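Peer 1: Below is a structure I'd like to ask you about.
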Amino acid sequence: MRQIIPALLAFWIAVSIPAQAQCETIDAWIEEKLPALLEIYKDLHAHPEVSYEEAVTSKKLADLLRDSGYEVTTDVGGHGVVAVLKNGAGPTLMIRADMDGLPVTEQTELVYASQEEITTKDGIQTGVMHACGHDVHMTNQIGVAWFMATHRDLWEGTLVLICQPAEERGAGAKAMLEAGLLERFPKPDQALALHVSATLPSGTIGYRAGYAMANVDSVDITVHGRGGHGAYPQATIDPIVQAAELVMSLQTIVSREIKPVDPAVITVGAIHGGAKHNVISDRCDLKLTVRSYGEKVRAQLREAITRRANAIAQAYNAPEPTIHYSEGTPSLFNDQDLAKQMVSVFRDTLGEEQVVPSEPSMGGEDFGRYGLAGVPILMFQLGSVEQKRLDRFAELGQSPPSLHSPKYYPDIKPTLNTGLRAMIAGALDLLQAPAAADQRN
Numbered sequence: 278m279r280q281i282i283p284a285l286l287a288f289w290i291a292v293s294i295p296a297q298a299q300c301e302t303i304d305a306w307i308e309e310k311l312p313a314l315l316e317i318y319k320d321l322h323a324h325p326e327v328s329y330e331e332a333v334t335s336k337k338l339a340d341l342l343r344d345s346g347y348e349v350t351t352d353v354g355g356h357g358v359v360a361v362l363k364n365g366a367g368p369t370l371m372i373r374a375d376m377d378g379l380p381v382t383e384q385t386e387l388v389y390a391s392q393e394e395i396t397t398k399d400g401i402q403t404g405v406m407h408a409c410g411h412d413v414h415m416t417n418q419i420g421v422a423w424f425m426a427t428h429r430d431l432w433e434g435t436l437v438l439i440c441q442p443a444e445e446r447g448a449g450a451k452a453m454l455e456a457g458l459l460e461r462f463p464k465p466d467q468a469l470a471l472h473v474s475a476t477l478p479s480g481t482i483g484y485r486a487g488y489a490m491a492n493v494d495s496v497d498i499t500v501h502g503r504g505g506h507g508a509y510p511q512a513t514i515d516p517i518v519q520a521a522e523l524v525m526s527l528q529t530i531v532s533r534e535i536k537p538v539d540p541a542v543i544t545v546g547a548i549h550g551g552a553k554h555n556v557i558s559d560r561c562d563l564k565l566t567v568r569s570y571g572e573k574v575r576a577q578l579r580e581a582i583t584r585r586a587n588a589i590a591q592a593y594n595a596p597e598p599t600i601h602y603s604e605g606t607p608s609l610f611n612d613q614d615l616a617k618q619m620v621s622v623f624r625d626t627l628g629e630e631q632v633v634p635s636e637p638s639m640g641g642e643d644f645g646r647y648g649l650a651g652v653p654i655l656m657f658q659l660g661s662v663e664q665k666r667l668d669r670f671a672e673l674g675q676s677p678p679s680l681h682s683p684k685y686y687p688d689i690k691p692t693l694n695t696g697l698r699a700m701i702a703g704a705l706d707l708l709q710a711p712a713a714a715d716q717r718n
């Protein structure tokens with residue numbers, strides 16, 4: 278036993294002290310650079326741009342990355358940016374951040390709140406806001422870029438950073454892949470991304486292996502009829518009555534056609550028909566969001582929606598409805614092995630209690646497309662609201678503002694601190710220098 282104890286102690290020193298020293302290096306660096314990163318964050322937050330219009334944001338990020346020593350390519354799949362840093366032989370890691378804001382008028386009362394406004398294609402005047410945390414994601418990306426460029430002795434391989442447009446439209450990842458992301462640039466062996474959480478306390482990381490986010494399809498249905506006077510309905514085919522029956526019929530697809538163990542959602546988010554009290558119109562328009570995980574259920578939902586819409590039209594002796602599917606985003610499946618490896622790293626870096634399992638979500642994220650393209654991926658959740666603020670919401674019997682809310686904002690300093698610590702530690706682990714790998718093994 279006396280011989281074993283010194284051996285174990287020597288092993289612990291060999292493994293733990295380098296890891297501890299690395300954490301101290303990261304923490305000290307973050308403390309030094311955080312003020313500059315916070316200024317970048319405030320600028321990005323104050324000047325958001327909506328999907329497909331991220332030109333100014335893209336240029337800011339490209340300039341910052343180029344100045345940090347990265348080989349930068351712009352206009353990849355729209356306003357996408359790809360920055361490559363080669364540091365000897367070794368694996369290739371891709372880290373993704375998304376750039377677009379939302380057509381939401383900010384109500385946070387922050388001193389750096391967005392004052393930006395746009396007019397939508399529908400002629401609606403609205404504010405623009407980073408209500409989904411993409412400003413955090415971009416700032417975190419820049420921080421990781423700075424650290425990796427100035428600590429090349431800690432890693433070997435190739436780092437590919439992508440700044441992706443149009444995530445909110447579920448289109449940016451597809452556009453970058455179609456623009457040759459995996460052919461024109463080093464193909465990654467793994468890919469990481471983080472996403473803020475409005476319910477996890479800052480200082481914590483949430484993770485989930487396997488399915489984490491849903492397939493998302495938008496469905497537009499136009500129910501056709503024959504218009505006329507509201508006093509003489511027998512001379513018409515009322516599309517609003519048809520639409521009302523269709524709305525109720527759609528609700529039973531999930532409850533009666535899908536296995537209870539298979540997650541699925543059909544929500545009718547908008548319905549519009551008619552313009553006057555005594556006029557029966559000749560059409561009624563419905564807008565649906567449809568969500569699932571597996572492709573089999575996804576196809577089953579689509580078939581059932583089409584079948585029921587056509588059947589109701591036939592029952593009313595009405596023309597066949599017009600059904601259009603768009604903005605399809607595939608489900609996000611986190612690689613099991615990569616998740617296990619990163620959870621271990623995050624716990625070593627942040628502490629056991631700060632790394633918690635996340636519930637699966639029916640929200641959508643096009644980061645999953647990189648996984649479908651053959652790259653093992655992991656997106657983890659980044660807590661963004663201080664515990665004391667969450668406690669106050671609970672005292673008031675309120676839920677914290679959700680993502681996409683005009684009142685959502687992160688407690689940025691602890692949020693960014695945790696995001697940087699986690700992502701830098703993860704990147705160093707996946708791009709281990711030979712000496713670091715020997716110490717770990």
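When you number the sequence shown by the numbering used here, it's gap-free, plus one each residue, and the end is 718.
Ideal placement from N, C-alpha and C gives every residue a C-beta, glycine not left out.
The model shown is predicted, which means the values in this text are computed figures rather than measured ones.
Compute the Euclidean distance between the alpha carbons of Glu221 and Ala547, then round it to the nearest angstrom.
Peer 2: Nothing can be reported for residue 221, as the shown portion of the chain is limited to 278 through 718.
Peer 1: Please go through the same chain and pick out, in chain order, the residues whose beta-carbon is closer than 8 Å to the beta-carbon of Ala714, but skip the five residues on each side of it.
Peer 2: Note that Ala714 has pLDDT 48, beneath the 50 cutoff, so the model's placement of it is unreliable and no number is given.
Peer 1: Using 10 angstroms around the beta-carbon of Ile401, count the other beta-carbons present and answer buried if the total reaches 16, otherwise exposed.
Peer 2: exposed
Peer 1: Just to confirm the assignment, what range does the alpha helix (DSSP H) spanning Phe670 have?
Peer 2: Residues Gln664 to Glu672.
Peer 1: Provide the residue span of the alpha helix (DSSP H) that contains Tyr647, from first to last.
Peer 2: Gly645 to Leu649
Peer 1: Can you tell me whether Glu316 is buried or exposed, with buried defined as 16 or more other CB within 10 angstroms of its CB?
Peer 2: exposed
Peer 1: Between Asp352 and Val359, what straight-line distance do the alpha-carbon atoms span, to the nearest angstrom?
Peer 2: 9 Å
Peer 1: In terms of residues, what are the limits of the beta strand (DSSP E) holding Arg373?
Peer 2: Thr369 to Asp375
Peer 1: Could you have a look at Leu708 and say whether DSSP puts it in helix, strand or coil?
Peer 2: coil
Peer 1: Classify Met675 as buried or exposed, calling it buried when 16 or more other Cβ atoms lie within 10 Å of its own Cβ.
Peer 2: In the sequence on display, residue 675 carries Gln and not Met. Gln675 is exposed by the Cβ-count criterion.
Peer 1: For Ile281 and Phe424, what's the separation of their Cα atoms in angstroms?
Peer 2: With a pLDDT of 39 at Ile281, under the threshold of 50, the predicted position of this residue should be treated as unreliable, though the coordinate-derived value follows. Approximately 39 Å, taken between the alpha carbons.
Peer 1: Closer than 6 Å by C-beta to Met371: which residues in its own chain qualify, once you throw out the five before and the five after it? Chain order, please.
Peer 2: Val437, Pro465 and Ala468
Peer 1: Measure from the alpha carbon of Glu433 to the alpha carbon of each residue in Thr397, Pro368, Ala390 and Glu394, then state which is nearest.
Peer 2: Pro368
Peer 1: Have a look at Thr476 and Ile514 and give me their C-alpha separation to the nearest angstrom.
Peer 2: 47 Å
Peer 1: Do Pro637 and Asp612 have their CB atoms nearer than 8 Å?
Peer 2: no
Peer 1: Report the option in Asp344, Gly346 and Lys336 whose CA atom is closest to the CA atom of His356.
Peer 2: Lys336
Peer 1: What does the Cβ neighbour count give for His549, buried or exposed, with the cut at 16 atoms within 10 Å?
Peer 2: The residue is exposed, with fewer than 16 neighbouring Cβ atoms inside 10 Å.
Peer 1: Starting from Ala470, trace the beta strand (DSSP E) both ways and give me its first and last residue.
Peer 2: Gln467 to Pro478
Peer 1: Counting only C-beta atoms, is Pro607 closer than 8 Å to chain C at any point?
Peer 2: Any reference to chain C falls outside this structure, which holds one protein chain only.
Peer 1: What did DSSP end up calling Thr397 once you bin it into helix, strand or coil?
Peer 2: coil
Peer 1: Just the C-alpha distance for Asp340 and Leu362, rounded to the nearest angstrom, thanks.
Peer 2: 15 Å
Peer 1: Figure out for me which residue from Lys310, Thr529, Met619 and Gln441 has the closest Cα to the Cα of Lys690.
Peer 2: Comparing Cα positions, the closest option is Lys310.
Peer 1: If we require 4 or more residues per run, which alpha helix (DSSP H) segments fall completely within the region 585-669?
Peer 2: Taken in chain order, the complete alpha helix (DSSP H) segments of 4 or more residues contained in the region 585-669 are 613-627 and 645-649.
Peer 1: Let me know the secondary structure DSSP gives Ile290 once reduced to three states.
Peer 2: In this prediction, Ile290 scores a pLDDT of 37, lower than 50, which makes its location untrustworthy; the coordinate-derived value is nonetheless stated afterwards. Reduced to three states, the DSSP call for Ile290 is helix.
Peer 1: Please report how far the alpha carbon of Ile543 lies from the alpha carbon of Leu578, in whole angstroms.
Peer 2: 8 Å
Peer 1: Given a cut-off of 8 Å on the beta-carbon distance, is the pair Val381 and Glu326 in contact?
Peer 2: no
Peer 1: On a CA-only basis, which of Val413, Lys564, Ile482 and Val574 is nearest Ala702? Give me that one, please.
Peer 2: Ile482
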